[in-house]
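So the structure is just underneath, and the comments pick up after that.
Number of protein chains: 4
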Amino acid sequence: MARVRCAVVGATGVAGQQFLIALDRHPQFEVVKLAASERSAGKRFTDAIREPSGRTQWYCKEPLPEEFARLTVENAAAMTTDGIDLVFTAIESDAARELEPRFAARVPVISTASAYRYEEDVPIFLPGVNLGAEGTADHVGLIEVQRQRRGWRGFITPGPNCTTTGMAITLKPLADAFGLEKVMMTSLQSLSGAGRSPGVAALEIVDNVIPYIAKEEEKVERETQKILGTLVGDQIQPAPISVSCTCTRVNVLEGHTEAVFASFARRGTVAEAAEVLRNFGAGFSALKLHSAPERLIEVLDDPYRPQPRLDRDAGGGMTTVVGRLREETTLGVWGVKYVLVSHNTRMGAARGGVLVAEYLLHQGTIK
Amino acid sequence: MARVRCAVVGATGVAGQQFLIALDRHPQFEVVKLAASERSAGKRFTDAIREPSGRTQWYCKEPLPEEFARLTVENAAAMTTDGIDLVFTAIESDAARELEPRFAARVPVISTASAYRYEEDVPIFLPGVNLGAEGTADHVGLIEVQRQRRGWRGFITPGPNCTTTGMAITLKPLADAFGLEKVMMTSLQSLSGAGRSPGVAALEIVDNVIPYIAKEEEKVERETQKILGTLVGDQIQPAPISVSCTCTRVNVLEGHTEAVFASFARRGTVAEAAEVLRNFGAGFSALKLHSAPERLIEVLDDPYRPQPRLDRDAGGGMTTVVGRLREETTLGVWGVKYVLVSHNTRMGAARGGVLVAEYLLHQGTIK
Amino acid sequence: MARVRCAVVGATGVAGQQFLIALDRHPQFEVVKLAASERSAGKRFTDAIREPSGRTQWYCKEPLPEEFARLTVENAAAMTTDGIDLVFTAIESDAARELEPRFAARVPVISTASAYRYEEDVPIFLPGVNLGAEGTADHVGLIEVQRQRRGWRGFITPGPNCTTTGMAITLKPLADAFGLEKVMMTSLQSLSGAGRSPGVAALEIVDNVIPYIAKEEEKVERETQKILGTLVGDQIQPAPISVSCTCTRVNVLEGHTEAVFASFARRGTVAEAAEVLRNFGAGFSALKLHSAPERLIEVLDDPYRPQPRLDRDAGGGMTTVVGRLREETTLGVWGVKYVLVSHNTRMGAARGGVLVAEYLLHQGTIK
Amino acid sequence: MARVRCAVVGATGVAGQQFLIALDRHPQFEVVKLAASERSAGKRFTDAIREPSGRTQWYCKEPLPEEFARLTVENAAAMTTDGIDLVFTAIESDAARELEPRFAARVPVISTASAYRYEEDVPIFLPGVNLGAEGTADHVGLIEVQRQRRGWRGFITPGPNCTTTGMAITLKPLADAFGLEKVMMTSLQSLSGAGRSPGVAALEIVDNVIPYIAKEEEKVERETQKILGTLVGDQIQPAPISVSCTCTRVNVLEGHTEAVFASFARRGTVAEAAEVLRNFGAGFSALKLHSAPERLIEVLDDPYRPQPRLDRDAGGGMTTVVGRLREETTLGVWGVKYVLVSHNTRMGAARGGVLVAEYLLHQGTIK
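Residue numbers (my numbering), protein chains in the order written: chain A, 95 to 461; chain B, 95 to 461; chain C, 95 to 461; chain D, 95 to 461.
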């Protein structure tokens, strides 16, 4: 069976390279084009990421797949969608705003950029949460709205911010079971979340915490309401929940840690909450999509877990790991507090985007 | 004028060494005795902290003061209060439970241990907050209750847990101004808070976060209510506030970072909250006690501050630094959220204890 | 075909756990006994490594294999060799001195301890270097000497110190080609090399280097001469080389980095040296032993490599990675300098020991 | 007495800020001009280092001195020497090559840049080593050669590379005593040595070592020979020593650690070498220059020292700390090996430059 022909735009950056790893020998997607900035254009990928000093800027722990090493990088600004069926973009927001609509006019665009996340007709898919979900919780219908409104043959679907990801995944089953009202969260985010080179300087973060990540808190608050919202007619009604957070950066390479406090309309028990978290996504996992983990959420009893170094790679970085689940009664009538670890460059970025594409292919929206 | 003669018990450990630095060339206190475990007894201090390999276990960044290097360490279990007027203890809780009453029968004991913190007749002093405060907010009267009830000439007064310290200091002026109702906090605690050797193993914390610190959360919740409580008759009535927290350990040498969310009975503005924080403790600072900082609280506008490495040493480690002050309306009707950095081994431990002693000397309880 | 029945002694420690990972679903070795200190005896392995707090002390990044989780841990001091054909030991030197001869009286003992390393009739095997090597460079013959001299049915064969490993592997082909005379080395060793819990305290190593590792330099100097020596009659004649080193500890989790300067009797070129390194061990690799890497040595051209985080896992942690190969004429007439990264808990410890066992099984000494 | 009026060029960068700290309330130098790139020109210093986000880019642990905060930054490219007697430059090599001669035509220029370091008529001053030294070891005479040859009223004198500094200081007394022949060195350099923002990315160095620093090794080898050379007539004859090194970057904020192996023409003892190191620079220290430490070199007996975090601030960062002094006979007939820690942004950069200026003022070359 022929594979879907894909382009990866922004392929030389951290997130772009993560797309390559996620797409390496993929059974359904075949990478046929790589694009990046003009500076890289015309070079073989392996040369595009090599500096004049001889240093190779490859950011993944997996080795660069041979098949991509030899591809010639195109200039993203000049790239056409000729010969491709699908585009994965891993570019800065400004570039995304300009390039993505051009691609989307013809083919689907799966993006890690925030440029279109907050537009009314653009869904922020989180697999198993609002994609492959039941009833109005499933936002897949918004794609058709977007296509018609914009007159596109393709569409744009950005993934959530990497910090939203783990929180929204874990809140979803709790919200369904107990009726979510309020969430407060403090994040301890990893360095790889800071995006493209050079990222956070070592001189800033060694023996330190940085208590602020520009624009992050607003994104998390807004995206959580949208992702947990319902699709009514041609609109997503944001979930009527109150979200407040403080986002910090800590000296960890990969894996965001989040301390979540949540309150609900209905009382439950910690054991019920654990059960609900553990069972979440069974239907989605049963589809056995290539990038899907066996379990979307894992719950640990060891009070010293989850830890980002030990738990970020659970389910190939696609499982959100929860621990320290306790009762929480300060925030509202009843609730729980817990700590989660979510892999910010896997489920929280490129590989999460590939999983979205896999589901849309399975479901028929991507053909 | 003769200085008060002091003993430091547990002098060879991290907190004990911090006492030595805080008491180095102190105008009012003179260290005349050092005590530690039997293993160190009979050795000069400088020999007691030298391992057979030649390695010196001195944990402070300031050099070991010459005057203490030559003192002979006594066996704490056999130490008497002969010739001393005051004892500073920096020992484990089990040892404190046994030794501190023996010392307190005769002289005041300023402790960093938690052993007696939660007993009814034992105050947990925090300078400027419930010591040197006005009216029933001042807990100094509980000392006389303790003495009479226990028949002691001295008394025991433990400092709060290092994580409670910064939070209680910053909540106090806000509570006074707006009526505190609820607090939620996530701490990012430093390595030095883990206490005595060997502390946290490097293999655990490099590229990692540890999401649990045994017994810490309960301490913070309980101590905050007690410290912000009122002394009515011979009892402290805990503040009627709800406190919920998650305590984590991050890869930082010194300085606890805390993300605080607080809600109040009365509405205010962020500007008012900043004003109230900035003005706090002016009266206490005016006493110009030796270890007191110019300001108990500093408020920064740079959104990337406070950072533990940059701000822990503010006011010689005795100033709590606040930043990221924002409005918070998820937790209650009105509130604020902010990030603070507090030096856990200075104000949050030994040097905070010395400041308590300075105030009690000034006020007359220590003579 | 029946697998060789093995015991792992010291199974609960860091190195012992590494043995379990190296032996997980091994085609030739079957772990049938686990032993540790008395404290763990009688517990299932999974319980033996769980602390009262609920914390699990599992130190490997691979999950604990199910098959070992259920085994009951024996008391090493009381363990017999009944029902086993081979013992892997990962215990402290003092314990090794006592226990290993008792096991060796009956079965082969592959050890990570230094207890017997320097005895005349005990070889320090390094696969491909002095095991599976040609002529007098192969030390396997010393086993029979040991057995006869001690009257044992088994034997003891300890692996080299983890810091010796990478250096001796890379010096071997250079020595053969050019005639090694002098070596100077500075190591930047990782934290996991510090052995059992608690290892290096985070407070010591964050933002720091520790310039001394007790007894390490003597071991490296002595072991390198022995491993590169020749077996003449029933004795190993140490290689007539001069070795000088400074061993330091840096803030790296795993993987030792070593800056090596070597001088030779015969002139060559850097290109020849690179060739000789790259080709080394082809014959040994051709045996396709289960734990052997495709290449014993990899040589990188990128001047910014090798880096421990990026290169320690080359060949499953069994390949020594060399970079920065340059000419060196200060030390002697002609030589080279280079930087290597070697995985100290893989090739440099347990998995290197398993590879030794695989070779000895292949060669017939273990049956 | 009127202070010498100075300009600091490149004042907003890391090294420039270090100049400001070194010149804060200096008894002899008064900073009257600050210059930086065009982007900063016309802004008050405090505004020039504040980003649009509100983040202040101040890199020193000491707070920004009030007196400098208010100065207006000039455009370095347009800056004249009007009203100033001396220029301190902390700029990139390319800029230095262009700007420094323009300033030097009129006033002395003390530089941290490497642009002119290797020119024949430019001395690389290291206080106490080749400045304030005896006989032909003192290079101060080269300034007059430079002035005449270039027709300048001022001159340029760059400091050595930060990695050369500690090694050359410690080699000098040993060379004088025993006749230096060969040096081999491996450096473990700190992050602050990587210069201007953004420096080393945290993603590169966490849990890692980088085994290469571009151009560093050549600089160290060449500069050491020049600094230890003799001034014969109007030329420096490089010391006839062979130097070989490997420079690496480790995860340390400040303070370079270097493992040095040195061989000499004449035999001595380790005790003599320690004595010679300890006594070095007594005459220079006796001048009591403002930035000079009490001792240029400190020798520690604790085998676990020096450590960069504990020892970099010795003598205000101006003392080189030596430890692990041992005999070394591999490199030559007789020698020593040792580990040193040198503060790369104090003695190894700006503050070292200020000390050079202080000496030249004392000696009369700067007026």
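In this text, a Cβ means the ideal position worked out from N, Cα and C, and glycines have one as well. Keep in mind it's a predicted model, so treat the numbers as computed, not measured.
- By the neighbour-count criterion, in which 16 or more other beta carbons inside 10 Å mark a residue as buried, Pro221(B) falls on the buried side.
- For the stretch 347 to 368 of chain B, the set of positions with a beta-carbon nearer than 7 Å to some beta-carbon of chain C reads Leu347 in chain order.
- In the three-state reduction of the DSSP assignment, Pro267(C) falls in the helix class, which pools H, G and I.
- DSSP lists no beta-bridge partner residue for Thr363(A).
- A residue is called buried once 16 or more other Cβ atoms fall within 10 Å of its Cβ, and Asp141(A), having fewer, is exposed.
- In this structure, the beta-carbon distance from Leu455(B) to Val98(B) falls below 9 Å.
- Distance from the CA atom of Gln457(D) to the CA atom of Thr414(C), rounded to whole angstroms, is 55 Å.
- At a cut-off of 3 residues, the continuous stretches assigned as beta strand (DSSP E) that sit fully inside the stretch 275 to 331 of chain C are 324 to 326 and 329 to 331.
- Between the beta-carbon of Met173(C) and that of Ala129(C) there is about 5 Å, and that keeps the pair under the 8 Å contact cut.
- Between the C-alpha atoms of Asn302(D) and Leu285(B) there is a straight-line separation of about 20 Å.
- Non-local C-beta neighbours of Leu371(B) in its own chain, meaning closer than 8 Å and more than five positions away in sequence, comprise Thr264, Pro267, Leu268, Ile391, Val393, Val416 and Leu419, ordered along the chain.
- The Cβ of Ser385(A) sits no closer than 9 Å to any Cβ of chain C.
- Burial is judged here by how many other beta carbons sit within 10 angstroms of a residue's own beta carbon; Val167(B) has at least 16 and is buried.
- Under a 10 Å Cβ-count criterion, Lys320(C) is classified as buried, with 16 or more other Cβ atoms of the shown protein chains found around its own Cβ.
- Cβ-Cβ separation between Ile178(D) and Lys127(D): approximately 6 Å, consistent with a contact (criterion under 8 Å).
- Contact annotation: the stretch 235 to 248 of chain D does not touch the stretch 340 to 352 of chain D, with fewer than three C-beta pairs closer than 8 Å.
- For the stretch 126 to 153 of chain C, the beta-carbon criterion of a distance under 7 Å to any beta-carbon of chain A is satisfied by Ser147, Gly148, Arg149 and Thr150.
- Pairing Gln331(C) with Glu317(C), the inter-Cα distance amounts to about 12 Å.
- Straight across, the Cα-Cα distance linking Arg445(A) with Trp428(A) is about 35 Å.
- Contacts between Val300(B) and chain D, judged by CB atoms closer than 8 Å, involve Val300 and Asp301 in chain order.
- With distances taken between CA atoms, Ala451(C) lies nearest to Thr251(C) out of Cys341(C), Phe355(C), Asp328(C) and Thr251(C).
- Not a single C-beta of chain D is nearer than 9 Å to the C-beta of Gly293(C).
- In the structure shown, Pro195(C) falls within a helical segment according to DSSP collapsed to helix, strand and coil.
- Comparing alpha carbon positions, the residue from Glu145(A), Ser131(A), Ala408(A) and Gly110(A) closest to Val125(A) is Gly110(A).
- Taking 9 Å as the cut-off, the beta carbon of Ala171(D) is found closer than this to the beta carbon of Glu132(D).
- The count of Cβ pairs closer than 8 Å, one atom from the stretch 252 to 260 of chain A and one from the stretch 206 to 226 of chain A, reaches three, so the stretches are in contact.
- The beta carbons of Glu275(A) and Ser336(A) sit closer together than 9 Å.
- Residue range His350 to Phe358 is occupied by the beta strand (DSSP E) that includes Glu352(D).
- Collapsing the DSSP output to three states places Thr251(D) in a strand.
- For Glu421(A), the secondary structure class from DSSP, reduced to helix, strand or coil, is strand.
- Taken through DSSP and simplified to helix, strand or coil, Ile115(B) comes out as helix.
- Annotation for Ser338(A): the continuous beta strand (DSSP E) segment containing it runs Ser336 to Arg343.
- With fewer than 16 other CB atoms across the displayed protein chains lying within 10 angstroms of its CB, Gly377(B) is exposed.
- Annotation: Val234(A) is outside any alpha helix (DSSP H) and is labelled neither H nor E by DSSP.
- Ala96(D) counts as exposed, since fewer than 16 other beta carbons sit within 10 angstroms of its beta carbon.
- Apart from the 5 residues on each side of it in sequence, Ala359(C) sits with its Cβ closer than 6 Å to the Cβ of Gly273 and Glu275 in its chain, given in chain order.
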